[in-house]
Every structure is written in structure tokens, then in C-alpha cells.
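Heads up: the structure comes next, in C-alpha cells.
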Amino acid sequence: MLLKDKVALVTGAGSGLGLATATAFAREGARIVVNDLRLEAAEAAARGLGEGHGAVGGDVSKEDEVAAMVEAALARFGRIDVLVNNAGVPDSFVPTVEQPLSHWQRLIDVHLTGTYLVSKTVAPAMIRQGGGVILNLNSIAGVLGLPVRTAYSAAKAGIGMLTRVLGCEWGPHNVRVNAVAPGYILTPLTEGLIAAGRIDPARIRRRTPMGRLGAPEDIAEAMVFLASDRARFITGITVPVDGGYCAFGAPSDAFALDDLDPRNG
Numbered sequence: 001m002l003l004k005d006k007v008a009l010v011t012g013a014g015s016g017l018g019l020a021t022a023t024a025f026a027r028e029g030a031r032i033v034v035n036d037l038r039l040e041a042a043e044a045a046a047r048g049l050g051e052g053h054g055a056v057g058g059d060v061s062k063e064d065e066v067a068a069m070v071e072a073a074l075a076r077f078g079r080i081d082v083l084v085n086n087a088g089v090p091d092s093f094v095p096t097v098e099q100p101l102s103h104w105q106r107l108i109d110v111h112l113t114g115t116y117l118v119s120k121t122v123a124p125a126m127i128r129q130g131g132g133v134i135l136n137l138n139s140i141a142g143v144l145g146l147p148v149r150t151a152y153s154a155a156k157a158g159i160g161m162l163t164r165v166l167g168c169e170w171g172p173h174n175v176r177v178n179a180v181a182p183g184y185i186l187t188p189l190t191e192g193l194i195a196a197g198r199i200d201p202a203r204i205r206r207r208t209p210m211g212r213l214g215a216p217e218d219i220a221e222a223m224v225f226l227a228s229d230r231a232r233f234i235t236g237i238t239v240p241v242d243g244g245y246c247a248f249g250a251p252s253d254a255f256a257l258d259d260l261d262p263r264n265g
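Numbering-wise, the sequence shown is residues 1 to 265 according to full-length UniProt numbering.
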């Protein structure tokens, strides 16, 4: 088991990518502290992982709630070996000139400020115990220019630089900080956007060299690797998990639709 006896705090893990990551970590022997904005969602997810896991509610953008959730995790397990900053809120896909300031502020608060707050609150415990791993959820939106994704893209780009800075700052304390940048992943949120006609899956497949959308497990397995000792000399980077989406730059389709296996969605 790659994470045997490790304690991992995963924010926003009541569903989606956070729950997939928590599930993969538990499979690899970690004890999970599931965080969600709604305590009941966190508790349900923790129960689903089996015995020996915990749950904490809390808004990652609020300093007092972050302090309380970290204190609760440390009180129960005595340490936090891995932090996964996964909590987020969905974007609106509204043109920038029509976006209210409240939308911008909420996305920045949860994605960027939340990542900063939870990281700086957990880091002292990791430093005292001689090391740890912090994993952030970036996005291809933090690497590429995606129209109308203004606040989300700015927040994710900030997370990418925060990852670099903290990786350098805390490296001397044996605290590694890395990020994963998912491409288009078939989460319930993405499936809803497809059903509403907000995302065209065929266009995404044509633009993706591997010819499909990703699965939550693709992100979770990358997180497992980066959290494990197999990545012990890796810090300060963002790893795209996107089927080649960010790498492709030719003025043509990356993948011919005629070649698609329908089983890949």
C-alpha cells in the first residue's frame, strides 16, 4: 500500500474528484479526514470509506472554520501527512462583462484563498512532524486561455504559482507541494453541463490527443502517486492530467472522431 498509515485531509471530498481521491487514498491504506462545506455530506462520505475515517465540516474560505477543521483533524489523528486542497465552486460560463463582482469574489475566495488558508494552517504541523505533502487542484483553465472562465481561470493560475512558491519555501522542511491540473473530466458536474448543452463532448474529444474525456479515477491515481514516497523528489510543479489537451498545438483535430471507441464516451 502506497499510503499505509498516512493521515490525509481532503477538502471538498463529499463528492466528485475529492471523493474519488479520498477513496483511492483509503484503498492505499490512508486514514481520511473528509471535509465538505456540509458536515452531513462529509460524514456520509467518510462512512462510505469504511472504518477508521473522520469527517469535518467547514468553509475553506473562512479562517476560523479552517482553524477548527485542522484542529479537529489533529485532535483525532495526531498528525496530518497529506493535505489535498480540492474544495471548489462551479463557474458560471457567463461573459466577463456580465459577471457580478460577487461571482468573481466567491470563486477567488474558495479556490485560491481557500488553498492558501488551509495550506498555511496545516503546514506548521507538517513542519513539526518532519514533513508532509500538500496537493492542490489546479486546472487546464489555469494554464490555457478559456473565454468567459475569468474568475475560475485567474484562481487556478494563482494556485499554480502558489504551488511553486510553497514548494520552494517549504522544501527545506521536507514538505512537498504539487498540483494536478485536470482536463475535461466526466464528473456529475460535467455531465450536467453536457446535458444542458453548455459543453460539446465531441469537440473536446477532437481536441484531445487521447480521444476521450477523463474519469475521476484518472485524477485520483495521479494524486496517489504524488502523495506517495515514489514522488519523494518532486515538488513545486503542476502535472496536467488531461489526455494531452494542453500539449496539443497543431491547427487540426488531435483525434479523428471516426477513430473513437464509443465505450470511451
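Note that the Cβ used here is the ideal one computed from N, Cα and C, for glycine as well.
- Annotated as proximal: E28 and L3, with beta-carbon spacing under 8 Å.
- For D36, the enclosing beta strand (DSSP E) starts and ends at R31 to D36.
- Within the model, the alpha-carbon separation for T163 versus A195 is close to 34 Å.
- In terms of CA proximity to A247, L144 leads the group L144, V94, G158 and E71.
- Between the C-alpha atoms of G211 and P201 there is a straight-line separation of about 10 Å.
- Contact check for R31 against F77 passes: the beta carbons are separated by less than 8 Å.
- A contact is defined here as three or more CB-CB pairs under 8 Å, and the region 168-177 fails this definition with respect to the region 58-69.
- The C-beta of K156 has 16 or more other C-beta atoms within 10 Å across all chains shown, which makes the residue buried.
- Per DSSP, the unbroken beta strand (DSSP E) holding P240 starts and ends at T238 to V241.
- Taking the C-beta atoms as reference points, G183 is found nearer than 8 Å to Y245.
- L74 is positioned such that its CB atom lies no closer than 8 Å to that of A13.
- The Cβ atoms of A20 and P209 lie no closer than 8 Å to each other.
- When P147, V84 and R232 are compared, the shortest CA-CA separation from T23 is found for V84.
- Straight-line measurement puts the Cα of N86 at about 21 Å from the Cα of D229.
- Taking the C-beta atoms as reference points, V133 is found no nearer than 8 Å to D218.
- A straight line joining the alpha-carbon of A179 with that of K62 spans about 22 Å.
- Rounded to the nearest angstrom, the gap between the Cα atoms of G18 and T11 is 7 Å.
- Taking a C-beta distance under 8 Å as the contact criterion, L193 and A151 do not qualify as a contact pair.
- The DSSP-derived three-state label of R164 is helix.
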